[in-house]
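Protein chains in written order, with my numbering: chain A, 127 to 572; chain B, 21 to 243.
Just so you know, even glycine gets a beta-carbon here, dropped at the ideal spot from N, CA and C.
Just so it is clear, the structure is predicted and the values come from calculations on it, not from any experiment.
Encoded as C-alpha cells, the structure appears first; notes follow it.
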Amino acid sequence: MNRRLFLKNTTLVSIGGLLLPSILTTNCRKEQLLEDVDYDGKVIIIGAGVAGLYAAYLLKSKGVDVLVLEASGSHGGRMGKIPGFADFPIDSGAQWLHGRNNILGDLIQQTNTTVTLDDSDLFYWFNNQLVTSLPQDTAIFEGEDLPDISFKDYAIQKGLGAEYQYIVENLAGDQGASAATLSVYWNNKEEENWVSGDDDFKFKETFFDFIDTQIASKVTDIIQYNTPVTAINYAQDTILVSDLNGGTHQADKVIITVPITQLKANKIQFSPALPAEKTDAFSKIGMGAGMKVFLKFSTKFYDENIIGGSVCAAYADESVGKTGNDNILLAFIMGVQAENLTALGSDSAITTALLQELDAMYSGQATANFIASQVENWTTKPYIEGAYGYSTVGMGDVRKTAASQVDNKLFFAGEAMNVNGHHQTVHGAVETGYREVINLLKTVQK
Amino acid sequence: MKRFFLAITCSLCFGVVAQKVRVGASYTYLYAGQWDKAIQTYNFSRPFLTKPQPLLIHSAGVSGTYFFGDDNEKMLKHGIRLSYNYARSTAENTNFTNILQLHLLTPGYVMHWKIGEKALYAEASVSVLTSGLFRQVNSEPVSDDDTPVRAFGIGGLIEAEFGYRKLFPAKNSIDPFVSVGYAPYLFSRNSEAVLNQTSGLTGRNWTGLLQLKVGVQFTFGVL
C-alpha cells in the first residue's frame with residue numbers, strides 16, 4: 127500500500143466513522159420526549175395538592191392553558207403550616223422528605239434548601255416501661271413469601287404477643303393504616319419498588335414552605351380557590367366540569383388529583399360513569415384516619431421518639447432539625463387510634479387522653495408541664511378525610527388500574543395513584559403529577 | 021503440582037508471545053432507547069433545571085485482543101478481546117451538578133478475515149456486555165443509607181468491524197477501523213432510579229443497545 131492509498135483509505139474510514147454519529151443523532155433521536163410542546167387545548171386540574179400543583183407548574187412552564195380548581199381556600203392539600211404555635215415553623219401535614227434520590231431532592235439541591243437528617247433515638251413503651259430495644263425482632267413484615275393477611279394477624283402468627291400490639295400498630299401507622307387492615311404482602315410488594323432512599327429529612331423551615339415557594343408560587347395565579355368540583359361530563363369532545371358554586375368550566379383534558387377518599391365516596395359524579403374496574407380499584411386502595419397533635423410543654427421531659435403507646439403509637443420531638451427554644455412534642459396518630467381519638471369529639475378531650483398516656487410514661491410530668499396543644503385532624507378536614515393511601519388485604523395490583531387514563535380525557539394523579547412504591551409521600555405525589563402531564567401530552571403529540 | 025502450574029504458566033507465556041496482540045482506542049456512539057426515555061423524562065419533569073441532562077451518547081474506550089496461531093498466510097484467524105468503554109453525561113446547574121457515568125466491560129470472541137490481497141480486513145465478534153451505571157451529585161456519589169445508588173446490566177453483543185492495516189514498521193501494523201454492534205440488553209430495575217430517580221415510569225427493563233465505533237488499533241505482529 128503506497129502513501130496515497132493509505133491516506134485515501136484513512137480519510138474514507140474516518141469520515142464514515144465520524145458521520146455515523148451525526149446521522150444517527152439527526153435521524154434516530156429526533157423524537158426527544160415532548161421537547162417541543164405544542165398543545166393549544168385547555169387543561170383543568172382538580173385539586174391544588176402537591177400533585178396538582180406540580181402538574182400545573184409543569185404544564186404552565188410548557189405554555190399550556192391550564193386552570194386549577196381547588197375545593198378549599200388554600201393550596202397544598204395534605205400539607206400546611208401552623209403559624210405562631212411555637213418559636214419555630216411547624217408543618218400541619220406532611221413534614222418528612224423520605225429519601226433524597228427523587229425529584230424533590232434535586233430541587234432541594236438546586237435551590238440550596240437546608241434539610242436535616244432525622245435520625246433521632248427510639249424508645250419503646252413496652253410492658254409499661256420505656257426501653258431502648260425490644261426482646262423480639264419486629265422486622266418481620268419484609269422479605270419473601272409473605273402472606274396476604276393483615277399486619278395484626280401476621281404478628282400473631284409470628285408469635286408477637288399482645289404486648290407488641292401497639293408496636294405493630296406503629297409500624298402500620300407509618301403506612302397510614304391500622305394493623306388490622308394493612309396487607310403484609312401488598313405493602314411489602316409495593317415497598318420493593320422504593321428507590322428514593324431510606325433516610326428521612328426535615329426542613330429547617332417547613333416542607334410546606336418549600337413546596338409553596340418553589341412550586342405553588344409559580345401557579346397561584348391560575349388556581350381558583352373555594353371551587354369544589356361536583357361533576358365531570360366527558361361524553362363530548364369538550365369536557366364540562368361543574369362545581370358546587372354552580373359554575374361550569376370547559377376543558378379538553380382534566381387531571382384529577384383529589385384524595386382517594388373523595389373518589390371512593392363518589393364526591394365527583396362522572397358522566398358517563400367511570401369503568402367498573404376503575405371504581406373497583408379505587409375501593410380497594412385504603413386510606414385511613416390520620417391526626418397530628420402538637421403538645422407544648424414548659425420543659426423537655428420526654429425522649430426524641432416514643433413508640434408503642436395505646437392512645438398514640440408514635441410520639442416525636444418536633445424540635446429535631448429546627449432552630450427554636452419551645453418544647454413541642456408531636457403525637458403522630460394513624461389508623462384506628464386516630465379513629466378512637468376523633469370519636470372523643472373535641473380537641474380538649476383528645477389532648478387530655480394524650481396527656482394521660484404521657485403522664486403514665488413520665489410520672490405525671492406531661493400534665494404538670496403542659497402549656498398548649500394544637501390538633502390537626504386530617505380525617506375531619508373537608509375534601510381530605512384521611513391520611514394517605516395504603517395497601518389493603520386482598521387489594522391486588524390495582525393502583526395501575528386506578529391511575530389509568532379514561533378515554534384520553536381524564537387523568538388521575540395524587541399520592542395514592544403512585545404505582546412506583548412512592549405512594550404516601552410528597553415526592554410520590556409530585557411524580558404522579560408529571561407522569562400524568564406526560565401521559566396527557568402523549569395523547570395530543572403531533 | 022508446582023511443576024505442573026509452572027509448566028502451564030510457561031507455555032501460556034510462550035504462547036502469548038507467539039500470538040498476535042492488538043491494542044486499540046476508540047470513540048463509540050451509543051444508542052439505547054430506554055435510557056434515552058429515562059433521561060428525557062428526567063429533563064421534561066424538571067423545568068427548574070436550566071441545563072438539561074445530555075443523553076448517554078458519547079463514549080471512549082480501549083481494547084486488547086489476542087489472536088491465536090502464528091500462521092500469517094491464513095485468511096481466517098480467531099482470538100479473544102476485552103474492551104472497556106466509558107460514557108459520561110454532565111449537567112451543570114446552579115448549586116447542582118448532576119453526573120451520570122456508564123462503564124461498559126465487554127469480553128468476547130473475535131474472528132478476523134483478510135479481504136483479498138489488500139490490507140483490508142473484516143471482523144465479527146460475539147461478546148458479553150456488562151455495565152455499571154452510577155450517579156454523582158455535586159461530585160458526591162448518590163447513596164442510599166451509605167450504599168451508593170448504582171445499577172448493573174448485562175447483554176449479548178454482536179459486532180462487525182471493518183478496517184485496514186498499514187504496516188508500521190514492517191512486523192507491526194496500525195489499523196484504523198469502524199464497527200457496528202448491537203446488544204439486546206437487560207438492566208437492573210434500579211437503572212431508572214439512577215437515571216431519573218424513579219422506577220417503572222419508562223417501561224421495560226431491557227433495551228436494544230446500538231454501538232457505532234471508530235478507532236485505531238496497533239497490532240504487534242502481522243496478522
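CB-CB length for residue i against residue j, believed under 8 Å
i, j, result
"A:Lys328", "A:Thr242", "5 Å"
"A:Gly414", "A:Ser304", "6 Å"
"A:Asn359", "A:Leu370", "Actually they are not in contact, since the Cβ atoms of A:Asn359 and A:Leu370 sit about 15 Å apart, beyond 8 Å."
"B:Tyr202", "B:Ile178", "6 Å"
"A:Asn453", "A:Phe423", "5 Å"
"B:Gln54", "B:Ala111", "That pair is no contact at about 19 Å."
"B:Val146", "B:Gly176", "7 Å"
"A:Ile476", "A:Trp251", "A:Ile476 to A:Trp251, Cβ: 18 Å. No contact."
"A:Gln235", "B:Asn158", "7 Å"
"A:Ala440", "A:Phe458", "4 Å"
"B:Leu206", "B:Thr48", "About 20 Å separates the two Cβ atoms, so there is no contact after all."
"A:Gly167", "A:Asp378", "3 Å"
Where residue i falls, given that 16 or more other Cβ within 10 Å makes a residue buried
i, result
"A:Ile149", "Caution is warranted here: a pLDDT of 45 is assigned to A:Ile149, below 50, making its placement in the model unreliable, and no coordinate value can be reported."
"A:Asp162", "exposed"
"B:Val43", "exposed"
"A:Ala177", "buried"
"A:Lys568", "exposed"
"A:Val563", "buried"
"B:Arg209", "exposed"
"A:Glu318", "exposed"
"A:Glu511", "buried"
"A:Gly143", "At A:Gly143 the pLDDT is 48, less than 50, meaning the model places this residue with poor confidence and gives no usable figure here."
"B:Lys191", "exposed"
"B:Arg66", "buried"
"A:Gly471", "exposed"
"B:Arg170", "buried"
"A:Pro215", "buried"
"A:Phe396", "buried"
"A:Asn451", "exposed"
"A:Gln301", "buried"
"A:Glu268", "exposed"
"B:Leu96", "exposed"
Which of helix, strand or coil DSSP assigns to residue i
i, result
"A:Leu179", "helix"
"A:Trp312", "helix"
"B:Thr48", "strand"
"A:Gly225", "coil"
"B:Glu93", "coil"
"A:Asn153", "At A:Asn153 the pLDDT is 42, less than 50, meaning the model places this residue with poor confidence and gives no usable figure here."
"A:Trp320", "coil"
"B:Asn216", "helix"
"A:His304", "Per the sequence shown, the amino acid found at residue 304 of chain A is Ser instead of His. A:Ser304: coil per DSSP, three-state reduction."
"B:Glu112", "strand"
"A:Phe458", "strand"
"A:Val294", "helix"
"A:Ala220", "coil"
"A:Gln577", "No statement about residue 577 of chain A is possible, as the shown extent of chain A runs from 127 to 572 and does not include it."
"B:Arg185", "coil"
"A:Leu230", "helix"
"A:Asp263", "coil"
"B:Ser190", "The sequence shown places Ala at residue 190 of chain B, not Ser. In this structure, B:Ala190 counts as coil in the three-state DSSP scheme."
"A:Gly554", "helix"
"A:Ala439", "coil"
"B:Leu206", "strand"
What are the start and end residues of each continuous beta strand (DSSP E) run of 3 or more residues lying completely inside the region 182–218 of chain A, in chain order? Segments of the beta strand (DSSP E) lying fully in the region 182–218 of chain A: 191–195.
Taking three-plus beta-carbon pairs below 8 Å as touching, is the region 199–209 of chain A in contact with the region 288–305 of chain A? no
What residue ranges within the region 372–436 of chain A form continuous alpha helix (DSSP H) runs of no fewer than 4 residues, ordered along the chain? Correct list: 386–390, 402–410.
Taking 8 Å as the threshold, find out whether the region 518–528 of chain A comes into contact with the region 495–505 of chain A through three or more Cβ pairs. no
Count Cβ pairs between the region 546–563 of chain A and the region 192–202 of chain B that sit closer than 8 Å; are there 3 or more? No, they do not touch.
Would you mind listing the beta strand (DSSP E) stretches within the region 333–365 of chain A that are 3+ residues and don't spill past its ends, in chain order? 355–359
Enumerate, from N- to C-terminal direction, the unbroken beta strand (DSSP E) stretches of 3 or more residues contained entirely within the region 478–527 of chain A. 496–503, 515–517
Does the contact criterion of 3 or more C-beta pairs under 8 Å hold for the region 179–199 of chain A versus the region 335–347 of chain A? yes
Check whether the region 194–204 of chain A and the region 532–539 of chain A are in contact - that is, three or more C-beta pairs closer than 8 Å. Too few Cβ pairs lie closer than 8 Å, so no.
Quick one: any contact between the region 113–133 of chain B and the region 247–266 of chain A, if contact means 3 or more CB pairs under 8 Å? no
How do the region 378–388 of chain A and the region 402–416 of chain A stand: do at least 3 beta-carbon pairs fall below 8 Å, yes or no? yes
Stretch-stretch touch, CB-based, cutoff 8 Å, three pairs: the region 214–227 of chain A with the region 331–338 of chain A: yes
Using 8 Å as the cut-off, can you tell me whether the region 478–490 of chain A makes contact with the region 276–289 of chain A, which would need three or more C-beta pairs spanning the two stretches below that distance? The region 478–490 of chain A is not in contact with the region 276–289 of chain A.
Does the contact criterion of 3 or more C-beta pairs under 8 Å hold for the region 348–355 of chain A versus the region 188–196 of chain A? yes
Evaluate the contact criterion for the region 224–231 of chain B versus the region 48–63 of chain B: three or more CB pairs, one atom per stretch, below 8 Å. Yes: at least three Cβ pairs fall under 8 Å.
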